[in-house]
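A.B. asks:
Residue numbers (my numbering), protein chains in the order written: chain A, 6 to 364; chain F, 8 to 82.
1. Going by alpha carbons, who is nearest to residue 167 (chain A) out of A:35, A:342 and A:287?
2. Once you ignore the five residues that flank residue 180 (chain A) on each side, which residues in its own chain have a CB closer than 8 angstroms to its CB?
3. May I ask you to list, following chain order, the residues of the region 323-337 of chain A that have a beta carbon less than 7 angstroms from some beta carbon of chain F?
4. Alpha carbon to alpha carbon, what distance is there between residue 141 (chain A) and residue 353 (chain A)?
5. State the DSSP-derived secondary structure class of residue 151 (chain A), mapped to helix, strand or coil.
6. Tell me the rounded alpha-carbon separation between residue 277 (chain A) and residue 330 (chain A).
7. What residues from chain F crowd round residue 169 (chain A), counting only those whose CB sits closer than 9 angstroms?
8. DSSP state of residue 34 (chain A), grouped into three classes?
9. Check residue 252 (chain A) in the structure and name its three-state DSSP category.
10. Please say whether residue 252 (chain A) and residue 59 (chain A) have beta carbons closer to each other than 7 angstroms?
11. Run the CB neighbour count on residue 82 (chain F), radius 10 Å, all protein chains shown included, and call it buried at 16 or more, exposed below.
12. How many whole angstroms separate the CB atoms of residue 46 (chain A) and residue 256 (chain A), which I take to be in contact at a CB cut-off of 8 angstroms?
13. Cα separation between residue 68 (chain F) and residue 37 (chain F)?
14. Could you list which residues in chain A have their beta carbon closer than 9 angstroms to that of residue 45 (chain F), in chain order?
15. Please report the straight-line C-alpha distance between residue 50 (chain A) and residue 247 (chain A), rounded to a whole angstrom.
16. Only counting the same chain, and skipping five residues up and downstream in sequence, which positions put a Cβ closer than 7 angstroms to that of residue 359 (chain A)?
17. State buried or exposed for residue 45 (chain F), treating a residue as buried only when at least 16 other CB atoms are found within 10 Å of its CB.
18. Would you list, in sequence order, the uninterrupted beta strand (DSSP E) runs of no fewer than 3 residues that lie entirely inside the region 141-186 of chain A?
19. So, at 8 angstroms on beta carbons, what are the nonlocal neighbours of residue 365 (chain A) in its own chain, with the 5 sequence-adjacent residues on each side left out?
20. Within 10 angstroms of the Cβ of residue 332 (chain A), are there 16 or more other Cβ atoms? Answer buried if so, exposed if not.
21. Compare the C-beta of residue 346 (chain A) against all C-beta atoms of chain F and say whether one is closer than 7 angstroms.
22. Please compile the residues from chain F whose C-beta is within a distance smaller than 7 angstroms of the C-beta of residue 153 (chain A).
23. In this structure, does DSSP put residue 130 (chain A) in helix, strand or coil?
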């Protein structure tokens, strides 16, 4: 019971770090274009994160039950996964690299589950057809369709989408005065930043909701929650489902993390990658948030970071290919490729170490 | 105008090489986890290394994209 509470605390710590690590996704462009002051932007993002986090559970279910065999998931597995995700996120935040918290979480979960199953690869749900018992409709489920394919397709969609939207905007505003462009898109960017923050809450807060649901479900199944005092009975989860208390607490913690702000990554996205004006920020945010919204509705845990970073890159290429810092862009993409293997290995090592400690 | 076309050309080449490297690295890692050191894995690793080397030669050693740029700060 005490161990479950430690695990839930670790999940909240990950959620908080996710908030400030990924705050840049929503506000980097709006701060760099000086449409909003950093403090006002962070407060707005925190509020929209909160609303977005309460708006759906499709991704939470995928992360919690669709990627690894839950029979091998224990509280120790989840703690190892969380510790790996926290370490990787702190390392990339310190390096100023906008990497995906979702992939850190998923890589950690897969590595820890693999160690938990004694190296049996079948513990990872690679690809399977899932049939809905109520409607009879079938869907493609597992790591390949829900994580690996979006990992390749969402950056390409962001790059192409950002490029197309920016090019269209250039055609629309070519006869406008610079003053009119800045004023119009300065206002529109407030909406697009809010939309992006909502999309971040909608996609990212759900991932940790799924993990908490998985932790309480695993603890209930193993009999750890048999004799709970009445005030803790809400922890009892005989079936895998996302309770309201999980939704509200995750949304709140992520909002707090976003409020703290992660200025290192904000500098990378908002200044170093491409120098932006309001029209560029608007195009990048509108593209990124649309990708998140479409993918989220299909239950795909698409990375918020990948969506917005590649949208900014697409906007940079449309502005002028020379305006993008290509070396930085390549460094960021390599960090993305390494995220799942690195957190997988870290979680594997953490699980081995924790298992010795617990036993 | 010629410079602009050349710059855009090298940008497109760099993006395509980047996408090929990213996809190749993900496919290589996936195949390594799924199949171990199989023939498919080795092909994917060699292919990724090939595109990475081309990218390094063009953009790090010869700096073709920077040479095509008339000036750095264009708005």
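All C-beta atoms in this analysis are idealised placements derived from N, C-alpha and C, irrespective of residue type, glycine included.
Source: prediction; values computed, not measured.
C.D. replies: Judging by the given coordinates:
1. That would be A:287, whose Cα lies nearest to the Cα of residue 167 (chain A).
2. none
3. 325, 326, 327, 328, 331 and 335
4. 37 angstroms
5. helix
6. So the two alpha carbons sit approximately 7 angstroms from each other.
7. Simply none; closest approach about 14 angstroms.
8. helix
9. helix
10. yes
11. Note on residue 82 (chain F): pLDDT 45, under 50, position unreliable in the model; the coordinate value appears next. Burial call: exposed.
12. That belief does not hold up - the Cβ atoms of residue 46 (chain A) and residue 256 (chain A) are roughly 19 angstroms apart, past 8 angstroms.
13. 30 angstroms
14. Ordered by position in chain A, no residue passes the 9 angstroms Cβ test against residue 45 (chain F), which lies about 14 angstroms from the chain.
15. Distance between the alpha carbons of residue 50 (chain A) and residue 247 (chain A) is about 24 angstroms.
16. For residue 359 (chain A), the CB contacts under 7 angstroms within the same chain, skipping 5 residues up- and downstream, are 81, 84 and 85 in chain order.
17. exposed
18. 143-146
19. Because chain A here runs from 6 to 364, residue 365 (chain A) falls outside it and cannot be looked at.
20. The residue in question, residue 332 (chain A), is exposed, as its Cβ has fewer than 16 Cβ neighbours within 10 Å.
21. yes
22. 33 and 37
23. coil
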